[in-house]
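Counting from 1 along the sequence shown, just add 14 to a position and that's the residue number in this note's numbering.
Every residue, glycine too, gets a C-beta built ideally from N, C-alpha and C.
Note that the structure is a prediction, hence the values are computed from the model and not measured.
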Amino acid sequence: MNHRKLIHFFLLNAGLGLILFPQTVSACAACFGKSDSELALGMNMGIFSLLGVVVCVLGGIASFFIYLARRAAIMPTAPGNNVPLETTNKA
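This is the structure we're talking about:
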């Protein structure tokens, strides 16, 4: 039995197992229950703190590229780069 047939065999058996032996799904304590409990508030604060970290990292990356763009606009052209293209190809 080759590798592809083995994967299909296991996926087929897993799918049949899920269909033929259904069970009820129970929600965890964070999702099921009072939305103003201490556990829900802690989960919300964790989400907001991770969101704050992502915003800070993306803001740092954006500010770095803004810094590079401003610096490139301030820098004078290097010697030899201000020659028109028509005069460089004449030999």
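Distance from the CA atom of R84 to the CA atom of F24, rounded to whole angstroms, is 57 Å. Shown here, F23 sits in a helix according to DSSP, grouped into three states. The beta carbon of N58 sits closer than 8 Å to no other beta carbon from its chain once the five residues preceding and following it are set aside. DSSP places F78 in the helix class (H, G or I) of the three-state scheme.
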